[in-house]
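*Asks:* Its first residue numbered 3, the sequence shown is counted upward by one per residue in the numbering used here. Heads up, the beta-carbon is just placed ideally off N, CA and C, and yes, glycines get one too. I'd like to ask some things about the structure below.
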Amino acid sequence: MKRKRRSRQFKNSSRVIDMEEARKQRREKREKENEAKAFAGEPQFERSQKRKRALRQKQALRRIILIVIAVVILALIGVSVTKIILLKKEQNTVMKKQEQLLEEKKEKEKELKNIDSLENLEEQARRLKLIKPGESLYIPKEKEDK
């Protein structure tokens, strides 16, 4: 009902309303009423003020708790991300090392296959300065520096 009355009242008047001025007037009116109640020493007014203060304190405490929780969560996420990055780097180095070891394994397998071949045996014997029957071993003299 109040809204209808107000809308009719404003509809019939051709007055332009400044919203900021209207807010300011309402605020001043409320402050005057609160001062009058406080001056009169109304206990209900004092209780409502205490309730409002307690409510503001609770809200402030909630905000602080939420901020702390958010900071802790962000810190945990940051630590997790750095660990993931370090593990990825370590994985890359291990993969490279594995590739090198696989190449070495292939080379060793080739050597193992060739170890029993006649050419390899002869090469090993020549290194040890062994000779075949009927051969003679010649050892060249080193040139002396004059």
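So, using beta-carbon positions, are Leu-139 and Lys-131 closer together than 8 angstroms?
*Replies:* In contact: Leu-139 and Lys-131 (Cβ atoms closer than 8 angstroms).
*Asks:* Please classify Gly-136: does DSSP put it in a helix, a strand, or coil?
*Replies:* It is coil, neither helix nor strand.
*Asks:* Within a Cβ cutoff of 6 angstroms, which residues of the same chain sit near Asn-122, ignoring the five residues on either side of it in sequence?
*Replies:* The answer, listed in chain order, is Asn-116.
*Asks:* Rounding to the nearest angstrom, what Cα-Cα distance links Glu-125 and Gln-100 in this structure?
*Replies:* In a straight line, the C-alpha of Glu-125 is about 32 angstroms away from that of Gln-100.
*Asks:* Which same chain residues, not among the five before or five after Ala-127, have their C-beta less than 6 angstroms away from its C-beta?
*Replies:* None.
*Asks:* Tell me the DSSP secondary structure of Leu-130 in three-state form.
*Replies:* If DSSP states are grouped into helix, strand and coil, Leu-130 belongs with coil.
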